[in-house]
Structure formats: structure tokens, C-alpha cells
Amino acid sequence: MKNRLKVLRAERDWSQGDLAERLEVSRQSVNAIETGKYDPSLPLAFTIAEVFGLPIEQIFDPKG
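Quick note: the sequence shown uses the numbering used here, first residue 6, plus one each step.
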């Protein structure tokens, strides 16, 4: 699934580690989501949306 995680993270000047801390996941998990190797669970997707203050559909594209 395509996502805008890397762009959103860069806009805030956060490292993958910074985002991982906020999400309470590993930096490797953030990397895997950003590169499309791993699709987050629904609860994690909601947490990501909450951290960025955006609706899920503005972060993730299920058609991608």
C-alpha cells in the first residue's frame, strides 16, 4: 500500500527513530512501512493518523 509517511515525516524534520518513538514501534518498522514492505495494522494506521493529525486516507492509498 502506498503511503506519504516519508514526506510527512520529512516535513516535520523527524527521523525514522523520532517517528518510531511516537508510534511506540521500532525504527525498522517505520522503514518497512515507508518502503511498502509492510502494511500497518489498522490500530497502528489510526495511531499514525493521530500523530500526524490527518485522516488515514490522506496518509495511505489502498489502491497503491
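Ideal placement from N, C-alpha and C gives every residue a C-beta, glycine not left out.
*With 16 other CB atoms within 10 Å as the buried threshold, where does LYS51 fall?*
The amino acid at residue 51 is misidentified as Lys; the sequence shows Phe. Exposed.
*Let me know if PRO45 comes out buried or exposed under the rule of 16 or more other beta-carbons within 10 Å of its beta-carbon.*
buried
*Indicate whether ASN36 and GLN21 have their beta-carbon atoms separated by less than 8 Å.*
yes
*DSSP on LYS11, reduced to helix/strand/coil?*
helix
*asked:* If you measure between the beta carbons of ILE64 and LEU28, is that distance less than 8 Å?
replied: no
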